[in-house]
Amino acid sequence: MRSPGPDTTVIQIAHDPLFSRYPIRGFAVDLGLGGAPRLTIAALAAALQRRGLDAGAVETRRKRWEAECKKVRDAAATRAASLKTESPIDMAWLSRCVGDAIDDDTIVVNEYDLDIAHTRLTRPGSYFSQSPASGLGWGLGAALGAKLAAPEKTVVCCVGDGAYLFGTPTSAHWTARAHNLPVLTVIFNNRAWNAVKRSVSSHAPKGWAVRSGAMPLSELDPAPDYEGIARACGNWAERVEDPTVLPEMLRQALRVVREDKRPALLNVICKKPAP
10 MRSPGPDTTV IQIAHDPLFS RYPIRGFAVD LGLGGAPRLT IAALAAALQR
60 RGLDAGAVET RRKRWEAECK KVRDAAATRA ASLKTESPID MAWLSRCVGD
110 AIDDDTIVVN EYDLDIAHTR LTRPGSYFSQ SPASGLGWGL GAALGAKLAA
160 PEKTVVCCVG DGAYLFGTPT SAHWTARAHN LPVLTVIFNN RAWNAVKRSV
210 SSHAPKGWAV RSGAMPLSEL DPAPDYEGIA RACGNWAERV EDPTVLPEML
260 RQALRVVRED KRPALLNVIC KKPAP
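This is how it looks when you write it as structure tokens:
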């Protein structure tokens with residue numbers, strides 16, 4: 010990730026650009042526009058059309074950014090392909106497999122680990138990620154809410170194993186089964202609360218935990234059998250360790266939620282994060 014240059018003009022469009030309900034939150038911007046982003050952008054586009062546009066300049070800029078986008082997507086695809094036989098499974102390969110398995114009628118709820126460079130989502134309302142208020146464990150409940158709101162859609166919830174535990178999975182899986190909410194949960198299981206480790210490292214980069222390499226309660230190894238938790242609640246669930254069978258396991262899990270109308274879970278064993 011790169012920050013804008015010091016001379017860059019930054020304009021933010023948001024329902025509440027000042028985050029008035031979250032006074033500790035905000036972004037440094039030159040101009041904050043309050044309003045629904047979709048409607049605000051449409052109004053800006055209409056205003057520009059009325060003022061007249063240089064069609065040649067617009068086309069040149071479009072081609073430039075299309076080329077940049079293609080470069081990023083091609084690099085992601087190449088990297089994922091190079092990792093498709095590695096075990097434990099690399100999260101880039103898992104992200105690629107998820108992206109290949111879903112379609113335009115899928116809603117993705119992502120709590121941390123899915124790399125959206127692989128998903129190629131094109132429809133508004135098809136992707137939801139962490140709330141501005143943060144809060145580990147948000148994903149499981151959000152996926153159930155998405156399925157309630159759009160029962161005709163396939164809902165895929167991608168979570169890290171730490172976020173999964175924070176999401177009270179027994180309650181979530183029981184609710185999914187009891188109320189006929191067939192959601193597919195994919196656990197990116199790296200056997201660590203990596204978000205916690207990153208937070209500690211960024212907050213105190215020279216602190217005792219970083220210097221000693223010991224962060225109590227951040228390791229989740231040996232890990233529980235998360236598929237067992239789901240099965241105990243009547244969900245279909247499998248553990249995946251072989252990267253070569255991952256695409257078929259995702260297709261099978263999606264058949265369960267789409268055709269059998271049964272909640273499903275894949276516990277995918279991924280590489281542990283670097284110390």
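When the letters of the sequence shown are read in order and numbered with the numbering used here, they come out as residues 10 to 284.
Even glycine gets a Cβ: it sits at the ideal position worked out from N, Cα and C.
On a predicted model such as this, the values are computed, not experimentally measured, just so you know.
N- and C-terminal bounds of the alpha helix (DSSP H) containing residue i
{"i": "G65", "result": "A64 to S91"}
{"i": "N203", "result": "N203 to H212"}
{"i": "L53", "result": "P46 to R60"}
{"i": "A283", "result": "No alpha helix (DSSP H) contains A283, which DSSP labels as neither H nor E."}
{"i": "L103", "result": "M100 to A110"}
{"i": "S221", "result": "W217 to S221"}
{"i": "A158", "result": "W147 to A158"}
Cross-strand partners of residue i (DSSP beta bridge)
{"i": "G169", "result": "F197"}
{"i": "C242", "result": "For C242, which the question treats as bridged, DSSP gives no partner whatsoever."}
{"i": "I278", "result": "N198"}
{"i": "F137", "result": "V118"}
{"i": "V266", "result": "Its beta-bridge partners do not exist; DSSP assigns none."}
{"i": "T177", "result": "According to DSSP, which records beta bridges pairwise, T177 is partnered with nothing at all."}
{"i": "T163", "result": "T115"}
{"i": "A273", "result": "L193 and W245"}
8 Å contact criterion, which residue i and residue j should meet: CB distance rounded
{"i": "T115", "j": "K162", "result": "7 Å"}
{"i": "G171", "j": "L145", "result": "7 Å"}
{"i": "F137", "j": "A151", "result": "6 Å"}
{"i": "G169", "j": "E247", "result": "Contact flag wrong, Cβ pair sits at about 18 Å."}
{"i": "P287", "j": "V192", "result": "Nothing can be reported for residue 287, as the shown portion of the chain is limited to 10 through 284."}
{"i": "K93", "j": "P252", "result": "6 Å"}
Straight-line Cα distance separating residue j from residue i
{"i": "A101", "j": "T87", "result": "10 Å"}
{"i": "A204", "j": "I238", "result": "23 Å"}
{"i": "L57", "j": "Q139", "result": "33 Å"}
{"i": "R47", "j": "C242", "result": "40 Å"}
{"i": "L27", "j": "G134", "result": "23 Å"}
{"i": "K156", "j": "H24", "result": "24 Å"}
{"i": "A66", "j": "K80", "result": "21 Å"}
{"i": "S91", "j": "Q261", "result": "24 Å"}
{"i": "E250", "j": "E95", "result": "10 Å"}
{"i": "A159", "j": "K270", "result": "14 Å"}
{"i": "A232", "j": "L40", "result": "47 Å"}
{"i": "A45", "j": "I22", "result": "8 Å"}
{"i": "W245", "j": "C78", "result": "37 Å"}
{"i": "L153", "j": "V38", "result": "35 Å"}
{"i": "V117", "j": "L274", "result": "14 Å"}
{"i": "L285", "j": "L229", "result": "Here the chain has residues from 10 to 284 only, and residue 285 is not among them."}
{"i": "R82", "j": "K281", "result": "25 Å"}
Limits of the unbroken beta strand (DSSP E) element including residue i
{"i": "E228", "result": "Counting along the chain, E228 falls outside any beta strand (DSSP E), and DSSP gives it neither H nor E."}
{"i": "L40", "result": "L40 to G43"}
{"i": "I20", "result": "I20 to A23"}
Cβ neighbour criterion (16 or more within 10 Å) applied to residue i
{"i": "S104", "result": "buried"}
{"i": "Y235", "result": "buried"}
{"i": "A223", "result": "exposed"}
{"i": "P214", "result": "exposed"}
{"i": "A110", "result": "buried"}
{"i": "P32", "result": "exposed"}
{"i": "N189", "result": "exposed"}
{"i": "L62", "result": "exposed"}
{"i": "A283", "result": "exposed"}
{"i": "W202", "result": "buried"}
{"i": "I50", "result": "exposed"}
{"i": "G148", "result": "buried"}
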